[in-house]
Every structure is written in C-alpha cells, then in structure tokens.
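K.L.:
Provided herewith is a single structure, encoded as structure tokens, for subsequent inquiry.
Numbering (my numbering), first residue to last: 16 to 270.
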C-alpha cells in the first residue's frame, strides 16, 4: 500500500481587512499518496493559489495542519523544503543571467551533487539545451516555461507543485511536456500537485481531483467521480469542462 505523502487537515486561511476580512481557504482536508498526481481546480478566487502558498510555506495558515513525509510542516520546514519544488508559468527567473547560470544557482541552493550533469540532462529532456547560454530575457514565454520546469526538477524532488505548467506552450510542445512529466513521475514515483484551467489536461494527467469553490472543497475523487457527483449524471464520458463552467457560472447551488 502506498504511504500518505501529503496530509492536510482543516486547513484555513483568513485575511484581515475591511468589513471583517475574508476567508480564502475554509477547512480543507485531503490526502495525497506516494506517486499520485492530484489536481487542484476551481474558478478564480476559489482558493487554489492560497492553498499552494501555504503548502510551500510562503504564507502561514490561520489554523489547521500540514504534514508532508509524515512530518509536521511547522516543525520541519527546512527538511521538507529540501525535498519539494515548484514551477509556474507565471513566475520569472533572473532575466540578467543565462539559462545555464539560473539553473546553476538553484543547483547550488539545493546542494545538487553533480550540477553540470543534472542541468544538461534536464535541458536536453525538455529540448532547450541549445538555449543554455541565452539570457532569460531573450527567451520566449514557452522556452522560459520549460526552463522553469527544469528548475523544478533540479533537486529530484519527492513532491512537485505544478501551477499551470503548460499555459505558455503551444499544443505540440504542451503535449510533449505532459508526456515528459508523466515519464518522470512514473520513473521516480513522484507525487505531484497540479493546477490548470485546461480541463482536458487535468483529466489526462490526474489520478485524483479536489474541486474548490469559494475556499471550500465541494467535490473530490477521480475525474469521473467528481464530474458525476457535480452534474448528478451517469454517462460513459462525463465532461469535466462542463463541471467547471457550471461552478464558475455560479450554479453551485446544485451541489
């Protein structure tokens, strides 16, 4: 039986502000097992980014607990962070440095034992080796996205957070990138938390989905289970995009 790698219990984040503030994440609980790809989805403002930021220790939860590798995050932060990593199409690397130099900086931060070999392996795998001497500000958005994915794998993480990892890629490169990520995940039994607004991508990539709306979990399970639960239908190929549109359009009272 696969062990639990990420365990979240009653996770809550409240932000102070006018009119008493608001609750961005409201009592989330879920478990991710070793080698599982969990998709975190929901419309804008659902609480996805806040959840990810708490799981990366970028913001402090108001209440609840996070355990990763069986360790309490608050008491073993540095130990856990050395074994996880993150990539997003919306984060930038140092534009003044070359692609190679950027990856070398992160390799040193993570104490990678053979950094040159590791960087070459990843850049070749994502087909950007020929861009190694290019400054980041000269890369296209798609090239920068693939460089960021190389960064996210530089330390051979055991848990990987991917936020819209193919958003800047054309359909052909996006498909190749998904296959690369799936290959790495299977090779190393890598545990992945995946966010995307591409419903077809989530259906292809994820074993398990957590659907958020206004900070709360409204459904979780396999893509098929989530779809049938929300739409309350039985058909052979339920449409996850139909679920997303229904929730985003405000028809959540059906739940």
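For each residue, glycine too, the CB sits at the ideal point set by N, CA and C. None of these values were measured; they are calculated from a predicted model.
Using DSSP with H/G/I as helix, E/B as strand and the rest coil, what is residue 167?
P.N.:
Reduced to three states, the DSSP call for residue 167 is helix.
K.L.:
Taking 9 Å as the threshold (C-beta atoms), are residue 110 and residue 134 in contact?
P.N.:
Taking 9 Å as the Cβ cut-off, residue 134 and residue 110 do not qualify as a contacting pair.
K.L.:
Can you name, in chain order, every residue of its own chain whose Cβ lies under 6 Å from the Cβ of residue 72, other than the five neighbours on each side?
P.N.:
Contacts found: 92.
K.L.:
Secondary structure at residue 225, three-state DSSP: helix, strand or coil?
P.N.:
Three-state result, residue 225: strand.
K.L.:
Using the Cβ count rule (16 or more neighbours within 10 Å means buried), how would you classify residue 230?
P.N.:
Counting Cβ neighbours within 10 Å, residue 230 comes out buried, since at least 16 surround it.
K.L.:
Report back the beta-carbon spacing between residue 224 and residue 54 to the nearest angstrom; my notes put them in contact at under 8 Å.
P.N.:
4 Å between Cβ atoms; contact.
K.L.:
Rank 148, 232 and 140 by C-alpha distance to the C-alpha of residue 197 and give the top, closest one.
P.N.:
If we check each option's Cα against that of residue 197, 140 comes out closest.
K.L.:
Out of 237, 218 and 233, point me to the one whose CA is closest to residue 10's CA.
P.N.:
Past the boundaries of the shown model lies residue 10; the chain is included only from 16 to 270, so the question cannot be answered.
K.L.:
For the beta strand (DSSP E) that contains residue 175, what are its first and last residues?
P.N.:
Where residue 175 is concerned, the enclosing beta strand (DSSP E) stretches over 174-178.
K.L.:
May I ask which residues mark the beginning and end of the beta strand (DSSP E) holding residue 54?
P.N.:
Unbroken beta strand (DSSP E) run through residue 54: 52-56.
K.L.:
Count the other CB atoms, across all protein chains shown, that sit within 10 Å of the CB of residue 87; report buried if there are 16 or more and exposed otherwise.
P.N.:
Exposed, by the Cβ-count rule.
K.L.:
DSSP on residue 190, reduced to helix/strand/coil?
P.N.:
Here residue 190 sits in helix by DSSP.
K.L.:
Here's a check: name, in chain order, each residue in its chain whose Cβ is nearer than 6 Å to the Cβ of residue 76, leaving out the five neighbours to either side.
P.N.:
Excluding residues within five positions, the ones whose Cβ falls inside 6 Å are 26, 28 and 69.
K.L.:
Check each candidate in 209, 183, 193 and 175 and name the one with the smallest Cα separation from residue 97.
P.N.:
Closest by alpha carbon: 175.
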